[in-house]
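> Numbering follows the numbering used here, with no gaps: position 296 of the sequence shown is 302.
By construction, the Cβ of each residue, glycine as well, lies at the ideal position given by its N, Cα and C atoms.
Keep in mind that this is a model prediction, so the values were computed, not measured.
This is the structure I want to talk about, given as structure tokens.
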Amino acid sequence: MKITVIGSGYVGLVTAACFADLGNQVLCAKKTSKNLDKLNQGISHIYEPGLDEILNRCLDKGTIEFTNDIKRAIDFSDLIFICVGTPQSETGKADLSQVEDVARQIAENMTDYKLIVEKSTVPVNTHQWVKKTVQRYSNGNIQFDVASNPEFLREGTGVYDFNNPDRIVVGVESENAHKIFQELYRPFTEKGDVLLITTPAAAELIKHASNSFLAMKISYINMVAELCEKVGIDVNMIADGIGYDQRIGRSFLNAGIGYGGSCFPKDVRAFIKIAEDHGLDFGLLRETEKINSQMRERFLEKVENVLWINKDKNITIWGLAFKPDTDDIREAPSIDIVRKLYETDANLRLYDPQAGENFQNLFPENENIRYCSDKYEALKDSDALLLITEWDEFKNADLNKVKNLMRLPIIIDGRNMFESEIMEGFEYYSVGRENTNQSEKP
Ligand code: UDX
């Protein structure tokens, strides 16, 4: 099938590349010419494992192309995916101006039937606004449908998640739209993947409900972690114990410094606002947010309890991205941690395998902030190592080398990366687990 994808951010790029890799003919439109040449050479501007090789494979096959010519993109196909950003506005509501802008451009340029698909995360009933906008700005007698097809891609595993969906959710209002999606997703239904057909409003709501539930699950285990720390029980044991119950499931029960990213914080806040707009109070999600921000505060308290004074302490931070296998730092816990430690005059040595460059835009290097190109270099004469993102290369670090490089063998682990049994010779602190003070030094 021919497919137009409008938006070349994380969702648009992964969606365009993976549809092209399935043999569809895809034209991906972006607003500006920035990065356009690189994309047409197979170099993506985001770090997403596996994406570049898919782009190169599809460019070689001629099944994908990138353009900033929106008119050409709209003419290219009768199936148009809207994959633009819906960032959080100051009020907490989703900012839908980019969605409206695309809807208007489609209306002003379409010359025949279009199936216009919301893939961006949007509040319930946004499809009605898209429909009204297209009616208002088109010449009125051209047939079109608006549908919702939310994505459930996780950064760092987007390609895998696209090709191995737990379910594909499609909200349609016409038989024609239904048929188009059945053809598009045939490669998935033929291998047994679930294609859930519903209404556009339900599909829009499923997305917010899904992300908010996952965020709530994380805050739930972090709430339990606080109690575990008081009573000396390992929270991971509790997560295992409840997670074996199929009705609960073990995933997303990893206690730690909490969630970040471009989705959970934004989607939880938007869902609360959607409820408010309908006269409802989603107190459960307000608590979810509160617990999540408390986890960062608790972590900083732990640092001060361990170090007493932060001023002039050499503090190493491993991990700046909001999660492993991405360079994305949006709403990352590291931002609050670095900001507070910087404000209390610590000497910071920062390292992340991918996110250092992005982080420097927020916290430029200066006499108190140094970016290191190697995790061990960041440890020289360090008084404490803070673990903020659970990259595999940290889990596999040589702990003897870590101990010998540091001035004080103190590790404060925000992601419970290590088991206390192997922390011989360290003061090791983590989340929801007993602290161990096994350092030989007095
Ligand atoms: C999320 C949803 O998982 C995905 O389905 C949706 O399409 C987009 O939002 P993403 O934000 O990319 O994906 O990453 P995810 O793996 O969900 O992690 C989100 C945050 O939760 C990260 O900061 C991660 O560190 C944190 N997290 C995750 C926990 O703190 N504990 C966990 O057990 C799992």
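Between which two residues does the beta strand (DSSP E) harbouring T322 extend?
Per DSSP, T322 belongs to the beta strand (DSSP E) from 320–324.
> Bridge partners for K8 per DSSP, in chain order?
For K8, which the question treats as bridged, DSSP gives the partners Q31.
> Under 7 Å Cβ to Cβ from I112, same chain only, skipping five residues before and after it: list those, please.
I80, I86, K120, I122, V140.
> Answer with buried or exposed for D172, where buried requires no fewer than 16 other C-beta atoms within 10 angstroms of its C-beta.
D172 is exposed by the Cβ-count criterion.
> Does at least one heavy atom of the ligand UDX sit under 7 Å from the Cβ of I224?
Because some heavy atom of the ligand UDX lies under 7 Å away, the Cβ of I224 counts as near it: yes.
> Is R256 near the ligand UDX, judged by its Cβ being under 7 Å from some heavy atom?
Answer for R256: no, Cβ out of range of the ligand UDX.
> Note down, in chain order, each residue of its chain lying with its Cβ closer than 7 Å to the Cβ of P193, except the 5 sequence neighbours on either side.
The residues are L28.
> Does the pairing of the segment 348–361 with the segment 326–336 give three or more beta-carbon distances under 8 Å?
Segments in contact, yes.
> What is the rounded straight-line gap between the Cα of N30 and the Cα of V90?
One C-alpha to the other measures close to 21 Å.
> List the whole-angstrom C-beta distance separating L356 from I375, where the pair is believed to meet the contact cut-off of C-beta under 8 Å.
About 7 Å separates the two Cβ atoms, so the contact holds.
> From the DSSP output, in three-state form, read off Y434 for me.
Correct three-state label for Y434: strand.
> Give the DSSP-derived three-state secondary structure of K36 in the structure shown.
DSSP places K36 in coil when its eight states are reduced to three.
> Taking the beta strand (DSSP E) that V309 falls in, what are its first and last residues?
It is not in any beta strand (DSSP E) - V309 instead sits in the alpha helix (DSSP H) that spans 289–313.
> Enumerated in chain order, which unbroken segments of the alpha helix (DSSP H) with a length of 4 residues or greater are wholly contained in the segment 130–175?
The segment 130–175 contains these whole alpha helix (DSSP H) runs: 132–143, 164–169.
> Cβ-heavy atom distance between E71 and the ligand UDX below 7 Å?
No.
> Would you kindly check if the distance between the Cβ of D167 and the Cβ of F158 is under 8 Å?
Yes, they are a contact pair.
> Taking the alpha carbon of K37 as the point to measure from, which residue in I76, M222, I278 has its own alpha carbon closest?
Of the listed residues, the one whose Cα sits closest to K37 is I76.
> CA-CA distance, D199 and I174?
Cα to Cα, D199 sits roughly 8 Å from I174.
> Tell me whether I203 sits in a helix, a strand or coil according to DSSP, three-state version.
Strand, per DSSP.
> For Q104, collect the residues of the same chain with a Cβ closer than 6 Å to its Cβ; drop the 5 residues on either side in sequence, then sort them by chain order.
Cβ within range, chain order: V90, G91.
> Considering only heavy atoms of the ligand UDX, list every residue whose Cβ is less than 6 Å from one of them, following chain order.
Any residue whose Cβ sits closer than 6 Å to a heavy atom of the ligand UDX makes the list: E157, F158, L159, R160, E161, N217, L220, I224, F258, L259, N260, G262, G264, Y265, G266, G267, C269, F270, F328, K329.
> Please state whether the Cβ-Cβ distance between F288 and L220 is less than 8 Å.
Not a contact, by the Cβ cut-off of 8 Å.
> Starting from the C-beta of M301, find all residues in its chain whose C-beta is less than 7 Å away, skip the five residues before and the five after it, and write them out in chain order.
Around M301: N228, I263, G264.
> Jot down the residue ranges of each uninterrupted alpha helix (DSSP H) in the segment 355–424, minimum 4 residues, whole runs only, in chain order.
The qualifying runs are 362–368, 398–401, 405–411.
> In the DSSP output, what is V123 paired with across the bridge?
Partner(s): F87, A153.
> What is the rounded straight-line gap between the Cα of D84 and the Cα of K223?
Each residue's alpha carbon lies about 39 Å from the other.
> Residues in the same chain with beta-carbon distance under 6 Å from N41, minus the five sequence neighbours each way, listed in chain order, please.
If we look at N41 and ignore the five residues flanking it on each side, its Cβ neighbours are H51.
> In the structure shown, what three-state DSSP assignment does N453 receive?
The chain is shown from 7 up to 448; residue 453 falls before or after that span and cannot be answered.
> Comparing C-alpha positions only, which one of G285, L290, F82, T350 sits nearest to W314?
If we check each option's Cα against that of W314, T350 comes out closest.
> Looking only at its chain, what residues have a beta carbon closer than 6 Å to the beta carbon of K272, apart from the 5 residues adjacent to it on each side?
Closer than 6 Å at Cβ, skipping near neighbours: Q94.
> Just tell me which of D404, R413, T395 has its CA closest to the CA of S436.
Checking every option, the nearest Cα to that of S436 belongs to T395.
> As a quick exercise: from F365, K67, G162, L19, pick the residue whose alpha carbon is nearest that of I49.
Among F365, K67, G162, L19, the Cα nearest to that of I49 is on L19.
> Should D404 go down as buried or exposed, given a rule of 16 or more other Cβ atoms within 10 Å for buried?
D404 is exposed by the Cβ-count criterion.
> Could you spell out where the alpha helix (DSSP H) holding E452 opens and where it closes?
Here the chain covers residues 7 to 448 and nothing more, so residue 452 does not appear.
> Taking all protein chains shown into account, do 16 or more other C-beta atoms lie within 10 angstroms of the C-beta of K296, making it buried, or fewer, making it exposed?
Burial call: exposed.
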